[in-house]
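J.: Would you mind keeping the following structure in view while I ask a few things?
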Amino acid sequence: MKRATWKSGIGGFLVLLPSLALLAVFVYWFIAKTVYSSLTDWGRDPAQALALKPVLRFIGLDNYRELFTGLIDGRFRQDMVSTLFFTFFFILGCLSLGLVLAILVDRKPRGEGLFRSIFLFPFSLSFVVTGTIWRWLLQPKGGINRLPTLVGLPPGDFAWLTSRQQVWRFDWSLLPLFFALLLALLFAFLALSALRAGRRRGAGIAAVSALLLGLWALGPGRSLKLLDFPELHGFNLAFIGILVAAIWQMAGYTMALYLAGLRGIPEELREAALVDGATEWQIHTRIILPLLAPVTLSAMIILGHISLKIFDLVFAMAGPDNGSTDVPALLMFITTFRGNQFAKGAAIGVILLVLVAVIILPYLRSQLRREELS
Amino acid sequence: MRGRTRGRARASQPWPTYPVLAAATCFFLLPVYMMLVTALKQPIDINLDTAWSLPASLNWSSFSQALAAFLPKLRNSFVLAISATAISALLGSLNGYVLSKWAFPGSRALFAFMLFGMFIPYQAILIPLFGFIKAIGLYGSIWGLVLVHVVYGLPITTLIFRNYYAEIPDSLVESTQIDGAGFFGIYRWVVFPLSMPAFVVVVIWQFTQIWNEFLFAVSLSNPGSQPITVALAQLSGGEAVKWNLPMAGALLAALPTLLVYVLFGKYFIRGLLAGSVKG
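In order, the protein sequence lines correspond to chains C and S.
Numbering (numbering that gives the first Met the number 0) for the first sequence: 0 to 373.
Numbering (numbering that gives the first Met the number 0) for the second sequence: 0 to 278.
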């Protein structure tokens, strides 16, 4: 090939081509196929489900309608609620533990390297290994529940992974209402911040939107119901055990991210603050935390997408059939490979993809943008 | 760290450093302790009431039993992780070389196009993937899994190499070019010899990820080609398990990646940062 071919980029493109083609098929084409499958009745007729060339009928959004409002798919709705609660607490736990550990390790205690290694090693393990060990630790009559007896206290009696207890229950059929109120709050917040920034027009538009949404939610919105029947979903306490194991595995990772961020903060800044009479607490809350905001955001996004996809940990810890620790990623697997409900499995896959894309795409965009500027 | 002294770090702390570190250490090592004592007990001595106590006598036979049962699965995992890692690292290196040193109009967009594959929940491609692997006759074969891990590893390997090569001065590439070296000549004589640190990062990262992976492994393998993660999940998921075997098995499954982590911790952290904080 001539030099000119390389200069013009054709050569480079040809080198990239195999990878591009593979990813085009394995990522984009397969996503398209999944989306299409989710719009068919693949699996509704058991005779067709496993046929070599199944005859598929296009049924539009019917699978999605069933998942969100159908009588039999309450399990999916509980899984969605579970995964959102799980994500919230998982991110909260990893960020707070990770930040504390990072600040402490950054103080250069004796044995710094050893501490860092101990906190980070779970990240190198498989979720299946973590799940296996914690499954044993969380046996209702052993492990963690026996810990208090070592210091003479009565044993704990929490049924970690099998508890049926649920808290913070709400009626799924009122979901549109909650969304409207949430959006109204968001708009109200936007209006306030626009007003502070002196953008009156923007503030006005946001305020009117907030008002309209709020009025709709409290007025006609109340009669709009997603389901014909009340259906209560909430946070399953059985997830606490999964959360402990997940945070055990990922807190060290978060610590490593924060440590990298802390290294980027010049020492002079802290010293200057100390000279100005700031306390250590003020330095942390007023200077270091705000400077770490980009790291926090990155960590939230990375942890968030891990959490939405969580599958192997739950599988290994509680098994695929433990109702109270079910998540959509697991339900997709069971629906597809055990129930042969391919179209519905595909629909759950698409919903997961949308959830992840909503947080990842803006992140990818901003990361690539920032690089362009620098 | 430059200019950071122990003296300052010890002055006026809001929290006590060592007690908190000690408590955290306990939390992180508790499962390790439990795994070891359970694996080393006689099966008959394992019961919930005395789960925390040390074994009365050391019993190593659980490890040999687990090893005997897991040996074929460990072999599968090694074949899978080593071949998929090698191929995805080589492809990623070439891709990164093009994207950083031979960028062309639209190459940034193509890079973004490749990166997205890193984040998707694999549930969104699992059904067509399953059909595809079956159609090309690789279902139940370790090579089907190799193919899958190569493809879905491409985004991260390309990303790490691209960012690494961006640090190599363009002038170095240009001067070699004047000397008459072409695309592959420059790669062979300039870029590749400088790539070792990036290869270490990528190899460690990919090996760990592929070794630990479960969703593809459980969907695309059969008992003959099962990687270790699937075998472990099945062993510990069975009813009325004797816990010495799953614990010994967990240790065996963890050992390779743990060893990589202990030996190459620095590079491991670099891979971890590359996978999150980009640009």
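All C-beta atoms, glycine included, are put in the ideal place defined by N, C-alpha and C.
Is the Cβ of C/GLY322 closer than 9 Å to any Cβ of chain S?
T.: Cβ-Cβ to chain S under 9 Å: no for C/GLY322.
J.: In three-state terms, what does DSSP make of C/LEU231?
T.: The answer is strand: DSSP assigns C/LEU231 an E or B state.
J.: Considering Cα atoms alone, identify which of S/THR175, S/LEU47, S/VAL147 and S/GLN208 is closest to S/MET33.
T.: Answer by Cα proximity: S/LEU47.
J.: So the beta strand (DSSP E) C/PHE84 belongs to, where does it begin and stop?
T.: Note, C/PHE84: premise wrong, no beta strand (DSSP E); alpha helix (DSSP H) at 73-105.
J.: Select from S/ALA165, S/GLY184, S/VAL149 and S/PHE129 the residue whose C-alpha is nearest the C-alpha of S/ASN221.
T.: Answer by Cα proximity: S/PHE129.
J.: Can you name the residues of chain C whose CB is closer than 7 Å to the CB of S/ALA232?
T.: The answer, in chain order, is VAL127, PHE314 and ALA315.
J.: Using the Cα positions of C/ILE300 and S/ILE159, report the straight-line distance between them to the nearest angstrom.
T.: If you take the alpha carbons of C/ILE300 and S/ILE159, they lie about 19 Å apart.
J.: When you compare only the Cα positions, how much space is there between S/LEU44 and C/TRP167?
T.: Per the sequence presented here, residue 44 of chain S reads as Asp, with Leu not at that position. Approximately 42 Å between the Cα atoms of the pair.
J.: Where does C/THR376 fall in DSSP's three states?
T.: Because chain C here runs from 0 to 373, residue 376 of chain C falls outside it and cannot be looked at.
J.: So, with DSSP's three-state summary, where would you put C/VAL167?
T.: Sequence inspection shows Trp at residue 167 of chain C; the Val mentioned does not correspond to that position. C/TRP167 falls in the strand class under three-state DSSP.
J.: I'd like to know if the region 164-179 of chain C and the region 212-222 of chain C are in contact, where contact means that at least 3 CB-CB pairs between them fall below 8 Å.
T.: The answer is yes - the region 212-222 of chain C touches the region 164-179 of chain C, with three or more Cβ pairs under 8 Å.
J.: Run through chain S and tell me which residues come within less than 9 Å of C/ASP40, C-beta to C-beta.
T.: Within 9 Å Cβ-Cβ: nothing; C/ASP40 doesn't reach chain S, min ~14 Å.
J.: Output needed for S/VAL189: all residues of its chain with C-beta closer than 7 Å, excluding positions within five of it in sequence on either side, in chain order.
T.: The answer, listed in chain order, is LEU171, VAL172 and THR175.
J.: Are the Cβ atoms of C/LEU242 and C/GLY97 separated by less than 9 Å?
T.: No, the pair does not count as a contact, with Cβ atoms beyond the cut-off.
J.: Using three-state DSSP, classify C/THR278 as helix, strand or coil.
T.: Coil.
J.: Given that a residue counts as buried once 16 or more other Cβ atoms are within 10 Å of its Cβ, and exposed if not, what is C/VAL128?
T.: Label assigned to C/VAL128: buried.
J.: Let me see if you follow: with CB-CB separation under 9 Å, is S/GLN122 close to chain C or not?
T.: Yes, because at least one Cβ of chain C sits closer than 9 Å to the Cβ of S/GLN122.
J.: Classify C/ILE102: buried if its beta carbon has 16 or more other beta carbons within 10 angstroms, exposed otherwise.
T.: It counts as buried.
J.: Should the region 97-105 of chain S be called in touch with the region 7-25 of chain C, which here means at least 3 C-beta pairs below 8 Å?
T.: Yes: the two stretches touch, three or more of their Cβ pairs being nearer than 8 Å.
J.: I'd like to know whether the C-beta of C/MET0 is nearer than 9 Å to at least one C-beta of chain S.
T.: Low confidence applies here, because C/MET0 scores a pLDDT of 48, under 50, leaving its location unreliable; read the following figure in that light. C/MET0 counts as touching chain S.
J.: What residue from C/SER323, C/ASP320, C/HIS304 and C/ALA342 has the CA that sits closest to C/VAL355's CA?
T.: Of the candidates C/SER323, C/ASP320, C/HIS304 and C/ALA342, the one whose C-alpha sits nearest the C-alpha of C/VAL355 is C/HIS304.
J.: Return the CA-CA distance between S/SER56 and S/ASN243, expressed in angstroms with no decimal places.
T.: Rounded to the nearest angstrom, the two C-alpha atoms are 14 Å apart.
J.: Name, please, each residue of chain S whose Cβ falls closer than 8 Å to the Cβ of C/ILE347.
T.: Going along chain S in sequence order, the residues near C/ILE347 (Cβ under 8 Å) are GLN122.
J.: Would you list, in chain order, the members of the region 350-370 of chain C that have their beta-carbon closer than 7 Å to a beta-carbon of chain S?
T.: Those residues of the region 350-370 of chain C that come within reach of chain S (Cβ to Cβ, closer than 7 Å) are LEU351, LEU352, VAL355, ILE359, LEU363, GLN366, LEU367, ARG369 and GLU370.
J.: Does DSSP put S/ARG1 in a helix, in a strand, or in coil?
T.: With a pLDDT of only 40 at S/ARG1, under the threshold of 50, the placement of this residue in the model should not be trusted, and no figure is reported.
J.: Along the region 137-168 of chain C, what residues have a CB closer than 8 Å to any CB found in chain S?
T.: From the region 137-168 of chain C, only GLN138, LYS140, GLY141, GLY142, ARG145, LEU146 and LEU149 have a Cβ closer than 8 Å to chain S.
J.: Would you check if the distance between the CB atom of C/PHE120 and the CB atom of C/VAL104 is smaller than 9 Å?
T.: Contact: no.
J.: Ends of the alpha helix (DSSP H) at S/GLN279?
T.: Nothing can be reported for residue 279 of chain S: it is not among the residues displayed for chain S, which extend from 0 to 278.
J.: Quick check: the region 244-257 of chain S against the region 23-39 of chain S, are at least 3 beta-carbon pairs closer than 8 Å?
T.: Result yes; three or more Cβ-Cβ pairs closer than 8 Å.
J.: Shorter than 9 Å from the beta carbon of S/TRP142 to some beta carbon of chain C?
T.: No - not a single Cβ of chain C is within 9 Å of the one on S/TRP142.
J.: State the DSSP-derived secondary structure class of C/PHE57, mapped to helix, strand or coil.
T.: Three-state result, C/PHE57: strand.
J.: Note down, in chain order, each residue of its chain lying with its Cβ closer than 6 Å to the Cβ of C/LEU124, except the 5 sequence neighbours on either side.
T.: Counting only Cβ-Cβ distances below 6 Å, and skipping sequence neighbours, we find nothing.
J.: Does any residue of chain C have a CB that is nearer than 9 Å to the CB of S/ALA50?
T.: For S/ALA50, the answer is yes, since a Cβ of chain C falls inside 9 Å of its Cβ.
J.: Buried or exposed: where does C/SER192 fall if 16 or more other Cβ atoms within 10 Å of its Cβ makes it buried?
T.: Answer is exposed; the Cβ neighbour count stays below 16.
J.: Do the CB positions of S/ILE268 and S/VAL201 come within less than 9 Å of each other?
T.: In this structure, S/VAL201 does not lie closer than 9 Å to S/ILE268 by Cβ.
J.: Report yes if the CB atom of C/ALA158 is closer than 9 Å to the CB atom of S/SER235, and no otherwise.
T.: Not a contact, by the Cβ cut-off of 9 Å.
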